[in-house]
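Colleague:
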Amino acid sequence: MMELMIWLILLSTLGSSTASLNAHKAGVLVALKRSLLGLGNTSDWTVENSDRACTDWKGVICNSDDSEVVELHLAGNGFTGEISSVALGQLASLRVLDVSKNLLVGSLPAELGLLQSLQALDVSGNRLTGSLPRDLGNCSALRFLNAQQNQLQGPIPPQLGALQRLEILVHNNRLSGSLPPSLANCSKLQEIWLTSNDVEGEIPQEVGAMQELRVFFVERNRLEGLIPPVFANCSSLELLALGENSLGGRIPDELGRLENLVALSLHSVQRLEGPIPPEISNNSKLEWFDINGNSLMHGSIPVSLLQLPRLATLQLSYFNNTSDRPVPEQLWNMTQLEFLGIGRTNSRGILSSIVGNLTRLRSLRLNGNRFEGSVPDELSKCTRMEMLILSNNRLLGGVTRSLGTLQRLRVLMLGGNQLSGAIPEELGNCTNLEELVLERNFFRGAIPESIARMAKLRSLLLYGNQLSGVIPAPASPEIIDMRLHGNSLSGSIPPSVGNLSKLSILYLSNNKLDGSIPATLGQLRRLTRVDFSENQLTGGIPGSLASCDTLQLLDLSSNLLSGEIPASIGEWTGFQTADKNQALNISSMTPFGVFPENSTDAYRRTLAGVRELNLSHNWLSGGIPWTLGEMTSMAVLDLSFNRINGTIPGGLARLHLLKDLRVVFNDLEGRIPETLEFGASSYEGNPGLCGEPLSRPCEGDGLVDVGDGVTWWKENVSNGAFVVGFLEACKAITRGGYILLSIHSDGTDRPGALHAD
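What the sequence shown shows, in mature numbering (1 follows the signal peptide of the UniProt record, and there is no 0), is residues -19 to -1, 1 to 738, in sequence order.
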């Protein structure tokens, strides 16, 4: 229908002419605007004022005599329609078409191939689908092609190799297939940006013929094979980025011949192995060297690499440093360094005042090594520092107060060391701090009030220390993750926690907290994980928690909680699925008492549905809610060491995945449902319970209703069994087992069950 409307507009303008742009061509623009759906800055594009198209229509540029449209600049207009193939094919003189940063849908029309004069095509930042039209190979004048940030699929057309003048090729989509060797025919090609696609196969050897190539950026694809040594023939190459692919082998020594190379990025190349070739040090212009995440690479860090005069970024994390010597001293003399990452490289050395020489540092990552010494006071000289990560080393002593002078610091991670003393109040002066991670050390004293007042703080991880005192009321509206477990904190949980609207994770377990659970937690609509276990909390489970729509983990075990288990537990939206035929996909967590298998502090793995429920070691009373039977993915249910009374609901039989049931030491009574096949150890400490597997028979035991009007009297003995039907008796003796013979109420015999060992 839209195409028909466009044709009608075009037909209505045929034969019309003005002194300026031909009215028919103005009609083409109007038709194009209508297909794009939206106004933006094209509200003045109407047939009525077509005589002013070249002068007044925004985004339109005509040639010198206003007879042809040569450029269309329509970026950022909020268009939501499609690019009309009918209208586009009639703009034969178009040299520039820019419809980037809109919301366009549909595919790129093949009629683009009719635009022989087209030099620049920018359709980036839309929602275009389909494939790249191979007809683009007919645009012989095309120099710039940008289609990134769309949803284009399919292979890169080999026909693009016919574009002799193409200089820049940009695509960040879902393109697949291999890199066409024909691209080597684009003799003018200077930049190839193909990051974040699904391009696979090997890098063609023909790439070595691209003498003008300056940028080859193909990170985050599925490329395999070796890094071609022929890259050394690309004498103009400045940026070579192959990270996050499946390339293997070694870094070719030949790359050391690239005299113009400024950046070499090979991070997270899954199969890259071997040493860092010393020849890389021949690239005297090198400013960026990144092999982060390649754990198969090994050897020593070449001293010559540390002597490159322009090197500002050195990322070697996960490189297996096999040298027994400390890191070369030359590292601390690289005063031009801005980013240094040698985390998890098995490096060792003394972290001393010499690190203060690196005054341009913005990021320092030394985590996961064997560095010793203390946190140098001279780090305060690195006034540009934004990220300081020294976690999981062997550092001793306290945290220097001078770190509080680093006004640009956003991330401070010192966890997993042997640091001690008090947390400096001065850290609160780091007003841009977003992540403060001091976990697993020996810090003592109170949590500084100044830290609680940090306005930009997103993560506060202080767990596993010896901190004491009360929890200061956190004030940051940005905080997402707060973990204070494993300390000696006392007092109550601040009700003001309910004001942290972005809070997702709150771990306060293994402290000395008392008082009740704040009802204000119900205000936290983004809350997913809460662990208050191993404290001295009292009161009941707040009903307001039902408002936490995203709640996935709630561990309240080993407290002094009382009252009844809320009957609404099975209806809490965070523990349900939107579709009852599918399991809720949550991260190894359960509503109450989660100690999941393969758990980590981040609880990174996922399980389908609620797996474990732990409310043990409290003072809970009342009955077991029948709604627990609705949690059909339950694998572990632990209600032990409470004051729960009543009977065990038969609805628990619907928990077909239940592997572990513990209700020990409560006040339960009545018959244990026969469908729950657990040992006697699951029920001990409940003198009112009876029936198998306990040795206590229930009143009236022996009468077993099996349905269909049949009632059995069954009694097991060690060397035989006696079975008596309701209407007629029959005795059968077996060794080590029993025979059941049922006689139906209508007098007919029916075979029973035979069991003999």
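Glycine included, C-beta positions come from ideal geometry on N, C-alpha and C.
Would you give the residue range spanned by the alpha helix (DSSP H) that S16 belongs to?
Modeller: For the purposes of this step, residue 16 is taken as the residue at position 35 of the sequence shown. Here the alpha helix (DSSP H) through S16 covers A4 to L17.
Colleague: Considering only residues of the same chain and omitting the five flanking positions on each side of W26, which have a CB-CB separation below 7 Å?
Modeller: Residue numbering aside, residue 26 sits at position 45 when the sequence shown is read from its first letter. Excluding residues within five positions, the ones whose Cβ falls inside 7 Å are L10, V11, K14 and W38.
Colleague: Looking only at DSSP bridge pairs, what is Q517 linked to?
Modeller: Translated into the one-based positions of the sequence shown, residue 517 becomes position 536. Note: Q517 sits in a beta bridge opposite D495.
Colleague: Using the Cα positions of M368 and G21, report the straight-line distance between them to the nearest angstrom.
Modeller: As a first step, residue 368 must be located in the sequence shown, where it is residue number 387. As a first step, residue 21 must be located in the sequence shown, where it is residue number 40. Cα to Cα, M368 sits roughly 42 Å from G21.
Colleague: If you count every other CB in all the chains shown that lies within 10 Å of the CB of Q132, and 16 or more means buried, which is it?
Modeller: For the purposes of this step, residue 132 is taken as residue 151 along the sequence shown, with counting starting at 1. It counts as exposed.
Colleague: Using the C-alpha atoms, what's the distance from S477 back to T294?
Modeller: By one-based count along the sequence shown, residue 294 stands at place 313. By one-based count along the sequence shown, residue 477 stands at place 496. Whole-angstrom Cα-Cα distance: 43 Å.
Colleague: What separation, rounded to the nearest whole angstrom, lies between the Cα atoms of G402 and L596?
Modeller: In the sequence shown, counting from the first residue as 1, residue 402 sits at position 421. In the sequence shown, counting from the first residue as 1, residue 596 sits at position 615. Rounded to whole angstroms, G402 to L596 spans 36 Å at the Cα level.
Colleague: Could you compute how far the alpha carbon of I522 sits from the alpha carbon of S602?
Modeller: Position 541 of the sequence shown, counted from the start, is the residue given in the question as residue 522. Position 621 of the sequence shown, counted from the start, is the residue given in the question as residue 602. Rounded to whole angstroms, I522 to S602 spans 12 Å at the Cα level.
Colleague: Measuring straight from C-alpha to C-alpha, what distance separates N202 and P475?
Modeller: Here residue 202 refers to the residue found at position 221 of the sequence shown. Here residue 475 refers to the residue found at position 494 of the sequence shown. So the two alpha carbons sit approximately 48 Å from each other.
Colleague: Confirm, please, whether the CB-CB distance from F198 to T176 is below 7 Å.
Modeller: Stepping through the sequence shown from its first residue, residue 176 is reached at position 195. Stepping through the sequence shown from its first residue, residue 198 is reached at position 217. It is a contact, given that the beta carbons lie within the stated cut-off.
Colleague: Within its chain, find whatever has a CB closer than 6 Å to the CB of N214; leave out the 5 residues flanking it on each side and keep chain order.
Modeller: Numbered from 1 along the sequence shown, position 233 holds the residue referred to as residue 214. Within the same chain, N214 has close Cβ partners G189.
Colleague: Using CA coordinates, which residue listed in N264, S227, Q97 and S361 is at the minimum distance from R238?
Modeller: To locate residue 238, count along the sequence shown from 1; it is residue 257. Among N264, S227, Q97 and S361, the Cα nearest to that of R238 belongs to N264.
Colleague: Reducing DSSP to helix, strand and coil, say where V511 ends up.
Modeller: Translated into positions along the sequence shown, residue 511 becomes position 530. DSSP places V511 in strand when its eight states are reduced to three.
Colleague: Counting pairs of beta carbons, one from the segment 28 to 44 and one from the segment 84 to 98, are three or more of them closer than 8 Å?
Modeller: Not touching, per the Cβ criterion.
Colleague: Out of E593, L109 and L292, point me to the one whose CA is closest to L84's CA.
Modeller: The residue labelled residue 84 in the question sits at position 103 within the sequence shown. The shortest Cα separation from L84 among E593, L109 and L292 belongs to L109.
Colleague: Taking the CB atoms as reference points, tell me whether S163 and P185 lie closer together than 7 Å.
Modeller: Locating residue 163 in the sequence shown gives position 182, where the first residue counts as 1. Locating residue 185 in the sequence shown gives position 204, where the first residue counts as 1. Their beta carbons are not under 7 Å apart, which means S163 does not touch P185 by this criterion.
Colleague: What does DSSP give as the partner residues of N270 in its beta bridges?
Modeller: Taking the sequence shown and counting its residues from 1, the one referred to as residue 270 is at position 289. Here residue 270 is Phe; the residue named in the question, Asn, does not match the sequence. Per DSSP, L245 and L295.
Colleague: Quick check on Q134: does DSSP put it in helix, strand or coil?
Modeller: Residue 134 sits at position 153 when you count from the first residue of the sequence shown. In this structure, Q134 counts as strand in the three-state DSSP scheme.
Colleague: Secondary structure at W600, three-state DSSP: helix, strand or coil?
Modeller: As a first step, residue 600 is located in the sequence shown; it is residue number 619 there, counting from the start. Strand, per DSSP.
Colleague: Can you name, in chain order, every residue of its own chain whose Cβ lies under 8 Å from the Cβ of S81, other than the five neighbours on each side?
Modeller: Sequence index remark: in the sequence shown, residue 81 carries index 100 (1-based). A56, G57, D103, V104, S105, G106, N107 and N127.
Colleague: Would you list the residues sitting across from H54 in a DSSP beta bridge?
Modeller: Your numbering for residue 54 matches position 73 in the sequence shown. According to DSSP, H54 bridges with D79.
Colleague: According to DSSP, simplified to helix, strand and coil, what is E187?
Modeller: One-based indexing of the sequence shown puts residue 187 at position 206. If DSSP states are grouped into helix, strand and coil, E187 belongs with the helices.
Colleague: What residue range is occupied by the uninterrupted beta strand (DSSP E) comprising C43?
Modeller: Mapped onto the sequence shown, residue 43 falls at position 62. Segment V41 to C43, the beta strand (DSSP E) holding C43.
Colleague: If you drop the 5 nearest sequence neighbours on each side, which residues of the same chain put their C-beta closer than 6 Å to that of D144?
Modeller: Here residue 144 is taken as the residue at index 163 of the sequence shown, counted from 1. The question names Asp, but residue 144 in the sequence shown is Leu. L123 and C167, listed in sequence order.
Colleague: By a C-beta neighbour count over all protein chains shown, 10 Å radius and 16 as the cutoff for buried, is L156 buried or exposed?
Modeller: By one-based count along the sequence shown, residue 156 stands at place 175. Buried, since its Cβ has 16 or more Cβ neighbours within 10 Å.
Colleague: Between V336, P136, E219 and T23, which has its C-alpha nearest N153's C-alpha?
Modeller: In the sequence shown, the residue the question calls residue 153 occupies position 172. If we check each option's Cα against that of N153, P136 comes out closest.
Colleague: Assign D358 to buried or exposed, taking buried as 16 or more other Cβ atoms, counted over all protein chains shown, within 10 Å of its Cβ.
Modeller: Within the sequence shown, residue 358 is the residue found at index 377, counting from 1. With fewer than 16 other Cβ atoms within 10 Å, it is exposed.
Colleague: Buried or exposed: where does I173 fall if 16 or more other Cβ atoms within 10 Å of its Cβ makes it buried?
Modeller: Here residue 173 refers to the residue found at position 192 of the sequence shown. With 16 or more Cβ atoms within 10 Å of its Cβ, I173 is classed as buried.
Colleague: To the nearest angstrom, how far is it from the Cα of S333 to the Cα of E310?
Modeller: By 1-based counting over the sequence shown, the position of residue 333 is 352. By 1-based counting over the sequence shown, the position of residue 310 is 329. Straight-line Cα distance between these residues: approximately 11 Å.
Colleague: Counting only the same chain and skipping the five closest in sequence on each side, list residues whose C-beta sits under 6 Å from that of P233.
Modeller: Walking along the sequence shown from the start, residue 233 turns up at place 252. Hits under 6 Å: I208 and P210.
Colleague: What is the DSSP secondary structure of S471, counted as helix, strand or coil?
Modeller: In the sequence shown, counting from the first residue as 1, residue 471 sits at position 490. In the structure shown, S471 sits in a strand (DSSP, three-state: E or B).
Colleague: Could you work out which residue in V308, E225 and M435 is closest to D271 when comparing CA atoms only?
Modeller: Position 290 of the sequence shown holds residue 271. It is E225.
Colleague: Measuring straight from C-alpha to C-alpha, what distance separates L393 and E268?
Modeller: If you number the sequence shown from 1, residue 393 lands on position 412. If you number the sequence shown from 1, residue 268 lands on position 287. Taking the straight line joining both Cα atoms gives about 26 Å.
Colleague: In its own chain, which residues sit with a C-beta less than 8 Å from the C-beta of E353, not counting the 5 before and 5 after it?
Modeller: The residue given as residue 353 occupies position 372 in the sequence shown. Closer than 8 Å at Cβ, skipping near neighbours: R329, G330, I331, L332, N374, R375, L376 and L377.
Colleague: Going by DSSP in three states, R652 sits in which element: helix, strand or coil?
Modeller: If you number the sequence shown from 1, residue 652 lands on position 671. Reduced to three states, the DSSP call for R652 is strand.
Colleague: Are the Cβ atoms of N599 and N540 separated by less than 7 Å?
Modeller: What you label residue 599 is simply residue 618 of the sequence shown in a count that begins at 1. What you label residue 540 is simply residue 559 of the sequence shown in a count that begins at 1. A contact, by the Cβ cut-off of 7 Å.
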